[in-house]
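**Student:** Quick note on numbering: the sequence shown equals residues 1 to 307 in full-length UniProt numbering.
By construction, the Cβ of each residue, glycine as well, lies at the ideal position given by its N, Cα and C atoms.
If you're wondering where the values come from, they're calculated on a predicted model, not measured in any experiment.
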Amino acid sequence: MEKYEVIKALGQGTWGVVHMAKQKATGRLVALKKIKSERLEEGINFTAIREIKLLREFKHPNIIELVDVFTTMDFAVCLVYEVAETDLSKILKDRAISISLADTKQHMSTLLCAISACHDRWILHRDLKPDNCLFLKDGTMKLADFGLARMYGTPKTRLSPQAITLWYKPPELLLGASEYGSAADIWSVGCIFAELLLRRPFLQGNQTDISQLDTIFQVFGTPNESNWPDHGALPLCTRGLEWDDCPPTHQFDEIFIAAPQDCISLLRSMLVLDPNKRFTACQCLSHPYFANDPAPTPKEKLVLFSD
Ligand code: AMP
Numbered sequence: 001m002e003k004y005e006v007i008k009a010l011g012q013g014t015w016g017v018v019h020m021a022k023q024k025a026t027g028r029l030v031a032l033k034k035i036k037s038e039r040l041e042e043g044i045n046f047t048a049i050r051e052i053k054l055l056r057e058f059k060h061p062n063i064i065e066l067v068d069v070f071t072t073m074d075f076a077v078c079l080v081y082e083v084a085e086t087d088l089s090k091i092l093k094d095r096a097i098s099i100s101l102a103d104t105k106q107h108m109s110t111l112l113c114a115i116s117a118c119h120d121r122w123i124l125h126r127d128l129k130p131d132n133c134l135f136l137k138d139g140t141m142k143l144a145d146f147g148l149a150r151m152y153g154t155p156k157t158r159l160s161p162q163a164i165t166l167w168y169k170p171p172e173l174l175l176g177a178s179e180y181g182s183a184a185d186i187w188s189v190g191c192i193f194a195e196l197l198l199r200r201p202f203l204q205g206n207q208t209d210i211s212q213l214d215t216i217f218q219v220f221g222t223p224n225e226s227n228w229p230d231h232g233a234l235p236l237c238t239r240g241l242e243w244d245d246c247p248p249t250h251q252f253d254e255i256f257i258a259a260p261q262d263c264i265s266l267l268r269s270m271l272v273l274d275p276n277k278r279f280t281a282c283q284c285l286s287h288p289y290f291a292n293d294p295a296p297t298p299k300e301k302l303v304l305f306s307d
């Protein structure tokens with residue numbers, strides 16, 4: 001800890017307060033995340049170890065850099081990151097900042113580049129949401145918080161369905177899937193895309209997985225043999241949970257009233273009930289949406305703060 005001078009608190013996370021600090025030797029500003037173990041005998045916290053393992057060798061222009069790691073006398077692990085100025089959640093909530101279609105295209109392009117790099121290395125992020133899309137002073141988006149991230153592989157690795165924040169959670173996890181893959185992250189990216197267009201979270205269930213499923217099914221219709229052939233094998237379905245048949249809403253275009261057709265088309269390719277039919281990050285990046293006008297706003301022209 002003696003290598004750093006703490007300056008101020010940046011935000012509250014699951015593991016405590018994240019502080020801005022100055023690296024004494026270089027003068028570089030960093031973000032310090034201290035992760036404590038509940039009890040000494042637990043040793044170093046698992047979340048910290050996962051995040052260190054995944055981020056240590058991972059250098060990508062749109063993934064937060066892990067600058068340093070050290071332990072303290074009280075057995076806490078301190079993760080030291082490059083420091084960000086703001087995040088997408090704050091931008092979305094600041095009504096004085098307008099988010100144009102060109103800004104949205106820039107955000108989607110960088111987010112998809114970052115998640116595509118993760119999936120290429122068989123890493124699932126599992127907590128994609130606006131709060132975890134940080135921005136540096138120069139407008140560069142950096143994907144952060146790899147505390148829930150996992151390696152996955154084929155044949156599909158068994159994973160806990162207890163991942164991803166509720167409003168960004170895909171239907172297969174809500175139905176209890178323990179074998180899932182990169183399509184789970186793509187659903188979350190689709191929810192972020194929709195939120196950028198609407199300026200509010202798109203699928204706002206009411207605290208429970210069942211309520212979240214109801215919210216999703218009201219828009220996309222209930223799963224059936226034609227739109228999602230394998231859904232019946234998922235734990236909640238085998239336990240007999242059933243929904244009244246409901247068709248998809250025909251007003252999808254009317255929900256995203258200001259969005260052009262290419263934008264709606266890409267969004268629809270991400271938010272598909274059946275994970276096997278969802279676009280991959282690579283397919284999303286090749287969608288005509290990114291080549292069509294308007295061109296993405298250059299990152300240095302993005303408005304990150306209101307006056
Ligand atoms: P986390 O524990 O990763 O959820 O972080 C908690 C909060 O700390 C976030 O919501 C941010 O406000 C802030 N934070 C985390 N990492 C950074 C960073 N690298 N730069 C600036 N702020 C950060």
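Given 8 Å as the limit, is there contact between the region 205 to 214 and the region 258 to 277, that is, 3 or more CB pairs closer than that?
**Tutor:** Flag = no, the region 205 to 214 and the region 258 to 277 do not touch.
**Student:** Can you look up Thr86 in the DSSP assignment and give me helix, strand or coil?
**Tutor:** On the sequence shown, position 86 is the one that residue 86 refers to. Three-state result, Thr86: strand.
**Student:** Closer than 7 Å by C-beta to Leu234: which residues in its own chain qualify, once you throw out the five before and the five after it? Chain order, please.
**Tutor:** Looking up residue 234 in the sequence shown gives position 234. Excluding residues within five positions, the ones whose Cβ falls inside 7 Å are Glu172, Leu175, Gly176, Ala177.
**Student:** Taking Cβ positions, are Cys118 and Asn62 nearer each other than 8 Å?
**Tutor:** Translated into the one-based positions of the sequence shown, residue 118 becomes position 118. Translated into the one-based positions of the sequence shown, residue 62 becomes position 62. Taking 8 Å as the Cβ cut-off, Cys118 and Asn62 do not qualify as a contacting pair.
**Student:** If you check the beta carbons only, do Ile64 and Lys3 fall under 8 Å apart?
**Tutor:** Stepping through the sequence shown from its first residue, residue 64 is reached at position 64. Stepping through the sequence shown from its first residue, residue 3 is reached at position 3. No, they are not a contact pair.
**Student:** Return yes when the Cβ of Trp122 is within less than 8 Å of the Cβ of Met151, no when it is not.
**Tutor:** Here residue 151 corresponds to residue number 151 of the sequence shown, with the count starting at 1. Here residue 122 corresponds to residue number 122 of the sequence shown, with the count starting at 1. The answer is yes: Cβ separation under 8 Å.
**Student:** Kindly indicate which three-state DSSP category Glu225 falls into: helix, strand or coil?
**Tutor:** In the sequence shown, the residue the question calls residue 225 occupies position 225. Coil at Glu225, not helix or strand.
**Student:** Under 7 Å from any heavy atom of the ligand AMP, does the C-beta of Thr14 make it?
**Tutor:** Position 14 of the sequence shown, counted from the start, is the residue given in the question as residue 14. Indeed, a heavy atom of the ligand AMP lies less than 7 Å from the Cβ.
**Student:** First and last residue of the alpha helix (DSSP H) that includes Phe305?
**Tutor:** The residue labelled residue 305 in the question sits at position 305 within the sequence shown. Where Phe305 is concerned, there is no enclosing alpha helix (DSSP H), given that its DSSP letter is neither H nor E.
**Student:** Which of the three DSSP states is assigned to Tyr180 in this structure?
**Tutor:** Working through the sequence shown from its first residue, we reach residue 180 at position 180. The answer is coil: DSSP assigns Tyr180 none of H, G, I, E or B.
**Student:** Below 8 Å between beta carbons: does that hold for Ile115 and His125?
**Tutor:** Your numbering for residue 115 matches position 115 in the sequence shown. Your numbering for residue 125 matches position 125 in the sequence shown. Yes, these two residues count as a Cβ contact at 8 Å.
**Student:** State the DSSP-derived secondary structure class of Lys34, mapped to helix, strand or coil.
**Tutor:** On the sequence shown, position 34 is the one that residue 34 refers to. Here Lys34 sits in strand by DSSP.
**Student:** Give me, in chain order, the residues of the same chain whose beta-carbon lies closer than 8 Å to that of residue 369; leave out the 5 immediate sequence neighbours on both sides.
**Tutor:** Not covered by the structure: residue 369. The range shown for the chain is 1 to 307.
**Student:** Between Val80 and Val69, how many whole angstroms is the CB-CB distance? I'm expecting something under 8 Å.
**Tutor:** By 1-based counting over the sequence shown, the position of residue 80 is 80. By 1-based counting over the sequence shown, the position of residue 69 is 69. Confirmed, about 7 Å.
**Student:** What is the residue span of the alpha helix (DSSP H) that Cys246 lies within?
**Tutor:** As a first step, residue 246 must be located in the sequence shown, where it is residue number 246. Neither: Cys246 is in no alpha helix (DSSP H) and is coded neither H nor E.
**Student:** At a cut-off of 7 Å, would you count Pro32 as near the ligand AMP, judging by its Cβ distance to the nearest heavy atom?
**Tutor:** Within the sequence shown, the letter at position 32 stands for residue 32. Note on identity: in this sequence residue 32 is Leu, with Pro being the wrong assignment. The answer is no for Leu32.
**Student:** Among the residues of its own chain, which have a CB less than 6 Å from the CB of Phe193, if the five just before and after it don't count?
**Tutor:** Position 193 of the sequence shown, counting from 1, holds the residue named residue 193. Cβ within range, chain order: Met108, Leu267.
**Student:** In this structure, does DSSP put Val272 in helix, strand or coil?
**Tutor:** Here residue 272 is taken as the residue at index 272 of the sequence shown, counted from 1. Note: Val272 maps to coil in three-state DSSP.
**Student:** How would you label Lys59, buried or exposed, when you count the other beta carbons within 10 angstroms and need 16 or more for buried?
**Tutor:** Taking the first residue of the sequence shown as position 1, residue 59 is located at position 59. Classification for Lys59: exposed.
**Student:** Taking the alpha carbon of Ser100 as the point to measure from, which residue in Ala76, Gly221, Asp274, Leu197 has its own alpha carbon closest?
**Tutor:** Here residue 100 is taken as the residue at index 100 of the sequence shown, counted from 1. For the residues Ala76, Gly221, Asp274, Leu197, the minimum Cα distance to Ser100 belongs to Leu197.
**Student:** Using only the alpha-carbon positions, how far apart do Leu136 and Lys299 sit?
**Tutor:** Taking the sequence shown and counting its residues from 1, one reaches residue 136 at position 136. Taking the sequence shown and counting its residues from 1, one reaches residue 299 at position 299. Approximately 10 Å, taken between the alpha carbons.
**Student:** When the distance is taken between beta carbons, is Leu10 closer than 8 Å to His19?
**Tutor:** Working through the sequence shown from its first residue, we reach residue 19 at position 19. Working through the sequence shown from its first residue, we reach residue 10 at position 10. Yes, Cβ-Cβ distance for His19 and Leu10 is below 8 Å.
**Student:** For Phe279, which of Ala291, Ser265, Asn292 has the nearest alpha-carbon?
**Tutor:** In the sequence shown, the residue the question calls residue 279 occupies position 279. Residue Ser265 is the option with its Cα nearest to Phe279.
**Student:** For Arg158, which residues from the same chain have a beta carbon less than 8 Å from its beta carbon, with the 5 sequence-adjacent residues on both sides left out?
**Tutor:** As a working mapping, residue 158 is identified with position 158 in the sequence shown. Once the five neighbours on either side are set aside, the close Cβ partners of Arg158 are Ser178, Glu179.
**Student:** Please tell me whether Asp120 and Asp145 are closer than 8 Å, where the distance is taken between their beta carbons.
**Tutor:** On the sequence shown, position 120 is the one that residue 120 refers to. On the sequence shown, position 145 is the one that residue 145 refers to. No, the Cβ-Cβ distance between Asp120 and Asp145 is not below 8 Å.
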